[in-house]
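Peer 1:
Chains as they are written, first to last, in the working numbering: chain A, 240 to 494; chain B, 87 to 379.
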């Protein structure tokens with residue numbers, strides 16, 4: 240098929256359409272910094288979606304659960320071996336994304352005779368010393384985008400743009416406490432969720448009101464629950480990652 | 087490849103760890119039938135390694151001076167476990183280091199106190215730490231207490247060829263606190279290992295290393311007939327007791343250091359409680375020494 244460039248491009252486009260269709264209804268994920276570190280937030284209906292990769296690195300993703308699991312293990316194994324072989328300080332998000340994940344995503348996406356990964360991944364690494372906190376968004380085709388202030392993943396690029404715009408308007412210039420940051424992350428997640436449902440009904444309006452945000456949070460939490468993973472730099476242990484309990488989340492969202 | 091949370095399997099798959107069967111046959115060659123001790127229970131090479139001879143070990147015509155010897159001690163007290171180790175590393179009659187760390191945190195609620203050859207002991211501690219972390223990260227749950235004990239057993243057993251050569255025996259104490267335990271109860275547990283990897287739970291206390299023979303009886307006496315049982319001691323009283331025990335060991339064992347007042351080198355003392363591991367500060371230990379001596 241590579242002898243016929245047009246057919247190859249067409250096959251890639253078909254594959255892109257298929258993957259995006261599969262991802263469209265995925266529950267968005269929001270990554271934000273707070274005064275003691277960074278957090279990832281999403282709403283799930285059972286399965287865990289936020290994971291510890293290494294001492295200062297966490298990930299979340301939307302997509303097919305089997306693909307998420309396979310790639311989660313790839314990055315966790317690589318980080319664990321690297322840390323043992325040299326030192327934990329030598330494990331960093333830049334190396335994991337650029338030398339392990341990005342080319343794995345791209346290779347699978349472009350090998351049109353094989354299976355592609357149905358996934359969008361968001362990783363966060365809290366800064367150590369002079370290094371800045373980094374949010375890394377990897378698309379199913381291997382494209383990598385690095386952010387320092389915040390990052391989101393949603394079902395489509397339009398959803399992600401709308402969530403990012405909401406964050407730009409609402410995010411404070413100064414670092415906020417955990418409760419305030421979780422509340423902002425939850426509202427940003429809700430913007431993505433409203434649009435996800437709206438696009439499903441073939442509407443293209445991207446304006447979301449505060450009432451719609453409150454309404455969707457209320458209805459989605461009837462069946463699902465908020466999941467928050469934090470990287471807390473103030474912890475004395477080497478491992479900074481922690482999943483917040485449902486009691487903690489309830490206290491923080493009600494503040 | 088799915089390693090099911092087994093870090094050693096992951097390392098073998100990554101060609102970082104060689105398989106047991108690939109160990110150099112010359113290094114692992116041991117005659118188990120010769121020179122057994124009085125009861126025939128302990129092969130002589132292991133017994134020699136634990137006896138910590140005063141001269142270097144000769145292997146294949148090369149004499150190695152291997153830092154070794156220690157006193158480490160752990161006991162249950164009111165809030166959990168207190169565990170301590172002296173700071174001296176010796177090779178033969180030479181003191182090679184006086185700030186050695188022999189009480190090593192493995193995860194948020196477990197500690198390994200090492201005696202024997204530091205090179206092997208530190209590597210065992212490192213593999214153990216990575217193993218627990220890898221299990222948690224890959225399997226999304228903490229390794230059980232039994233799983234932790236077996237992982238350490240396996241590492242000690244894998245070290246048998248070196249132990250049998252008399253150059254790498256490690257006899258650790260593994261202490262942990264089970265955070266699931268109700269806060270009104272003491273969730274601290276102390277385990278002692280032999281050189282073959284068998285583990286035994288010591289209910290109230292454990293000690294190992296060349297200086298341990300001088301204080302094991304004292305621990306038994308204190309626990310059985312002391313004014314306050316070890317388990318009923320508060321942190322200050324437990325600290326004073328453990329400092330006195332190390333001081334006693336250093337009095338009779340040249341390979342165990344005491345408190346170096348001039349250089350302010352203290353033993354390492356840690357507590358493991360429901361809240362996690364805490365390293366007692368030099369100022370606190372200095373204050374306790376005033377009362378202890």
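A virtual CB, placed ideally from N, CA and C, is assigned to each residue, including glycine.
The structure displayed is predicted, hence computed values, not measured ones.
Answer with buried or exposed for residue 275 (chain B), where buried requires no fewer than 16 other C-beta atoms within 10 angstroms of its C-beta.
Peer 2: With 16 or more Cβ atoms within 10 Å of its Cβ, residue 275 (chain B) is classed as buried.
Peer 1: Across which residues does DSSP place residue 351 (chain B) in a beta bridge pair?
Peer 2: In DSSP, residue 351 (chain B) forms a bridge with B:346.
Peer 1: Provide the residue span of the alpha helix (DSSP H) that contains residue 207 (chain B), from first to last.
Peer 2: It spans 204-225 - the alpha helix (DSSP H) in which residue 207 (chain B) sits, taken as one unbroken run.
Peer 1: Under 8 Å: do the stretch 417-427 of chain A and the stretch 256-276 of chain A share three or more Cβ pairs, one atom per stretch?
Peer 2: The stretch 417-427 of chain A, when compared against the stretch 256-276 of chain A, does touch it at the 8 Å Cβ threshold.
Peer 1: Using 8 Å as the cut-off, can you tell me whether the stretch 318-335 of chain A makes contact with the stretch 257-265 of chain A, which would need three or more C-beta pairs spanning the two stretches below that distance?
Peer 2: With the cut-off at 8 Å, the stretch 318-335 of chain A and the stretch 257-265 of chain A do not touch.
Peer 1: Pop quiz: residue 425 (chain A) and residue 280 (chain A) are said to be a contact at Cβ under 8 Å. What is the actual Cβ separation, rounded to whole angstroms?
Peer 2: The pair is a contact, with the Cβ atoms about 6 Å apart (cut-off 8 Å).
Peer 1: What residues from chain A crowd round residue 240 (chain B), counting only those whose CB sits closer than 8 Å?
Peer 2: Residues of chain A passing the Cβ test: none, with the nearest at roughly 16 Å.
Peer 1: On a CA-only basis, which of B:182, B:193 and B:102 is nearest residue 359 (chain B)? Give me that one, please.
Peer 2: Nearest option by C-alpha distance: B:193.
Peer 1: Going by DSSP, name the residue or residues bridged to residue 297 (chain A).
Peer 2: Residue 297 (chain A) pairs with A:291 and A:363.
Peer 1: Does DSSP classify residue 320 (chain A) as helix, strand or coil?
Peer 2: Helix, per DSSP.
Peer 1: Count the C-beta pairs between the stretch 349-363 of chain A and the stretch 375-395 of chain A that are closer than 8 Å, then say yes if the count reaches three, no if not.
Peer 2: The stretch 349-363 of chain A, when compared against the stretch 375-395 of chain A, does touch it at the 8 Å Cβ threshold.
Peer 1: So, is the C-beta of residue 96 (chain B) closer than 7 Å to a C-beta in chain A?
Peer 2: At least one chain A Cβ lies under 7 Å of residue 96 (chain B).
Peer 1: To the nearest angstrom, how far is the alpha carbon of residue 278 (chain B) from that of residue 335 (chain B)?
Peer 2: The alpha-carbon atoms of residue 278 (chain B) and residue 335 (chain B) are separated by roughly 19 Å.
Peer 1: Would you kindly work out how many angstroms separate the C-alpha atoms of residue 473 (chain A) and residue 350 (chain A), rounded to a whole number?
Peer 2: Whole-angstrom Cα-Cα distance: 44 Å.
Peer 1: Use the C-beta contact count for residue 286 (chain B): other C-beta atoms within 10 angstroms, 16 or more gives buried, fewer gives exposed.
Peer 2: Looking at its Cβ environment, which holds fewer than 16 other Cβ atoms inside 10 Å, residue 286 (chain B) is exposed.
Peer 1: For residue 291 (chain B), write down the residues that DSSP places opposite it in a beta bridge.
Peer 2: Residue 291 (chain B) is bridged to B:161.
Peer 1: By a C-beta neighbour count over all protein chains shown, 10 Å radius and 16 as the cutoff for buried, is residue 304 (chain A) buried or exposed?
Peer 2: So residue 304 (chain A) ends up on the exposed side.
Peer 1: For residue 325 (chain A), write down the residues that DSSP places opposite it in a beta bridge.
Peer 2: None, per the DSSP bridge assignment.
Peer 1: Is there contact between the stretch 297-311 of chain A and the stretch 89-96 of chain B, where contact requires at least three CB pairs shorter than 8 Å?
Peer 2: Too few Cβ pairs lie closer than 8 Å, so no.
Peer 1: Let me know the secondary structure DSSP gives residue 114 (chain B) once reduced to three states.
Peer 2: Since pLDDT at residue 114 (chain B) reaches only 42, below the 50 mark, its modelled position is unreliable, and no value is offered.
Peer 1: For the stretch 153-167 of chain B against the stretch 252-268 of chain B, do three or more pairs of beta-carbon atoms, one drawn from each stretch, fall closer than 8 Å, so that the two count as touching?
Peer 2: Touching, yes, given that three or more Cβ pairs across the two stretches are closer than 8 Å.
Peer 1: Which of the residues in the stretch 287-309 of chain A, read from start to end, lie with their CB under 9 Å from any CB of chain B?
Peer 2: For the stretch 287-309 of chain A, which is checked against every Cβ of chain B, the residues closer than 9 Å are 287, 290, 291, 292, 293 and 294.
Peer 1: How far does the beta strand (DSSP E) with residue 373 (chain A) in it reach, from first residue to last?
Peer 2: Segment 373-377, the beta strand (DSSP E) holding residue 373 (chain A).
Peer 1: Note down the Cα distance separating residue 164 (chain B) from residue 367 (chain B), rounded to an integer number of angstroms.
Peer 2: Answer to the nearest angstrom: the Cα atoms are 19 Å apart.
Peer 1: Are residue 378 (chain B) and residue 326 (chain B) closer than 7 Å when you measure CB to CB?
Peer 2: Yes, these two residues count as a Cβ contact at 7 Å.
Peer 1: Kindly say whether residue 224 (chain B), judged by its beta-carbon, lies nearer than 7 Å to any beta-carbon of chain A.
Peer 2: So, interface residue.
Peer 1: Does the stretch 428-439 of chain A come close enough to the stretch 453-464 of chain A to have 3 or more Cβ pairs within less than 8 Å?
Peer 2: Flag = yes, the stretch 428-439 of chain A and the stretch 453-464 of chain A touch.
Peer 1: Quick check on the burial criterion: 16 or more other C-beta atoms within 10 angstroms. Buried or exposed for residue 348 (chain B)?
Peer 2: That one is exposed.
Peer 1: Chain E beta carbons: is any one of them nearer than 7 Å to that of residue 316 (chain A)?
Peer 2: Given the protein chain composition of this structure (A and B), no chain E is represented.
Peer 1: Using a Cβ-Cβ cut-off of 8 Å (strictly less than) and excluding sequence neighbours within five positions of residue 263 (chain A), which residues of its own chain qualify?
Peer 2: 394, 395, 435, 438 and 439.
Peer 1: Assuming residue 330 (chain A) contacts residue 459 (chain A) under a Cβ cut-off of 8 Å, what Cβ separation, rounded to an integer in Å, is found between them?
Peer 2: Not confirmed; about 35 Å, so no contact.
Peer 1: Taking only the alpha-carbon atoms, compute the straight-line gap between residue 242 (chain B) and residue 215 (chain B) and give it to the nearest angstrom.
Peer 2: Distance between the alpha carbons of residue 242 (chain B) and residue 215 (chain B) is about 14 Å.
Peer 1: Do residue 495 (chain A) and residue 341 (chain A) have their C-beta atoms within less than 7 Å of each other?
Peer 2: Lying before the first or after the last residue shown, residue 495 (chain A) is absent from chain A, which here runs from 240 to 494.
Peer 1: For residue 97 (chain B), I'd like the list of residues in its chain whose CB is within less than 6 Å of its CB, leaving aside the five on either flank, ordered along the chain.
Peer 2: These residues qualify, in order along the chain: 103.
Peer 1: Which residues of chain A have a Cβ atom closer than 7 Å to the Cβ of residue 261 (chain B), listed in chain order?
Peer 2: Under the 7 Å cutoff, chain A gives no residues; its nearest Cβ is about 17 Å from residue 261 (chain B).
Peer 1: To the nearest angstrom, how far is the alpha carbon of residue 479 (chain A) from that of residue 313 (chain B)?
Peer 2: Near 43 Å, if we compare the C-alpha coordinates of residue 313 (chain B) and residue 479 (chain A).
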